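The structure appears right after this line, and notes come after that.
In my numbering, the protein residues as written are 1 to 291.
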């Protein structure tokens, strides 16, 4: 990956000392089992971000002026376990610097490391997973750090709320609290309020982009029909940022296709929207120097 500023923002908004936000790219695709290519996701996401308007109409803000530092990518790929440890250490380092830490993958196994770091750093943490797949297997293909195991550790150590699930193995049922799972086929009016009612004050969000319906985001490794749509997802995210303390998030599983750029752009807009909600509705209300 070529090191650039996120979204091509001016240097004064991209320096680590001043930035409120850290973005960690993790171009890893070591355990995916069908379509490969999520290791190219961060680069495609960053390229799309450079072509995005930076004024958010809904929040009437330019959140990049809070400062977004694009960290060096985590490139450890010698084994899934070593990758998870590298993600964990990198994430923990920036949390200790009191940054709002975000990550962009790469496959979903990277979230084992990011969630572990946030779990150690914030008390009473709820992990909110938007995903087509349950990802609750204790082990898969000889590793506990496989993408199919991405949320297993969180299911044992955290309050886990799962949204959009529509594909899973029977072996995952015993690891699932179905009272806190919002299956895609069961989403009903006001489900967002019900889900938020199950969350503790501190929340980490992990978004597998296959949570979205493939009609609006086809470029992912394992697309599943019957997914979430744009505005219902934003409504849910905005509600979380308004009612809970979102301490960080990651976005994973963009598998870019050179002939289909709308998925890359959706991922770019989603990331920027989430930052816009964070700084609009939570505890970052200080005035920008240039405003």
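The beta-carbon is built from N, C-alpha and C at its ideal position, and this holds for glycine as well. Being a predicted model, the structure only gives us computed values, none of them experimental.
Tell me whether residue i is buried or exposed, calling it buried when 16 or more other Cβ atoms sit within 10 Å of its Cβ.
i	result
residue 146	buried
residue 12	exposed
residue 286	Note that residue 286 scores 46 on pLDDT, short of 50, meaning its location in the model is unreliable and no value can be drawn from it.
residue 185	exposed
residue 6	buried
residue 120	exposed
residue 158	buried
residue 56	buried
residue 75	exposed
residue 95	buried
residue 188	exposed
residue 224	buried
residue 142	exposed
residue 100	buried
residue 199	buried
residue 173	exposed
residue 83	buried
residue 67	buried
Which residue comes first and which comes last in the alpha helix (DSSP H) that contains residue i?
i	result
residue 192	191-196
residue 113	110-121
residue 93	80-96
residue 25	First-last for residue 25: 21-26, but that is the beta strand (DSSP E), not the alpha helix (DSSP H).
residue 70	Element bounds for residue 70: not the alpha helix (DSSP H) but the beta strand (DSSP E), 68-70.
residue 45	41-49
Which stretch, first to last residue, makes up the beta strand (DSSP E) that contains residue i?
i	result
residue 105	100-105
residue 56	That residue, residue 56, is in no beta strand (DSSP E); it is neither H nor E in DSSP.
residue 249	245-252
residue 266	First-last for residue 266: 262-281, but that is the alpha helix (DSSP H), not the beta strand (DSSP E).
residue 130	125-130
Could you check which residue in the options has the C-alpha nearest to that of residue i?
i	options	result
residue 104	213, 44, 230, 63	44
residue 62	10, 102, 47	10
residue 194	179, 204, 207	179
residue 113	85, 59, 143	85
residue 38	110, 78, 95	110
residue 54	227, 118, 151, 269	269
residue 206	99, 133, 68	133
residue 154	169, 143, 138, 168	138
residue 71	279, 15, 83, 229	15
residue 26	245, 212, 91	91
residue 273	233, 253, 261, 220	233
residue 280	238, 252, 266	238
residue 97	48, 191, 123, 19	19
residue 257	245, 221, 251, 141	221
residue 144	24, 89, 199, 81	81
residue 191	228, 67, 262, 264	228
residue 211	254, 175, 171, 245	254
residue 265	4, 30, 50, 36	50
residue 73	152, 226, 24	24
residue 293	243, 261, 135	Because the chain spans 1 through 291 in this model, residue 293 falls outside it and cannot be assessed.
residue 327	129, 60, 52, 47	Here the chain covers residues 1 to 291 and nothing more, so residue 327 does not appear.
Which whole-angstrom value describes the C-beta separation of residue i and residue j, a residue pair presumed to lie in contact below a C-beta threshold of 8 angstroms?
i	j	result
residue 42	residue 106	7 angstroms
residue 248	residue 204	5 angstroms
residue 102	residue 22	7 angstroms
residue 236	residue 277	With 8 angstroms as the limit, residue 236 and residue 277 do not qualify as a contact, their Cβ atoms being about 11 angstroms apart.
residue 77	residue 28	6 angstroms
residue 263	residue 218	6 angstroms
residue 116	residue 88	5 angstroms
Taking 7 angstroms as the cut-off, is the C-beta of residue i nearer than that to any heavy atom in the ligand SAM?
i	result
residue 281	The model depicted lacks the ligand SAM and carries no ligand whatsoever.
Whole beta strand (DSSP E) elements within the stretch 202-240, 3-residue minimum: Runs of the beta strand (DSSP E) inside the stretch 202-240: 202-208.
Could you give the uninterrupted runs of the beta strand (DSSP E) lying entirely in the stretch 132-158, keeping only those of 3 residues or more? DSSP assignment within the stretch 132-158 yields no whole beta strand (DSSP E) run of 3 residues or more.
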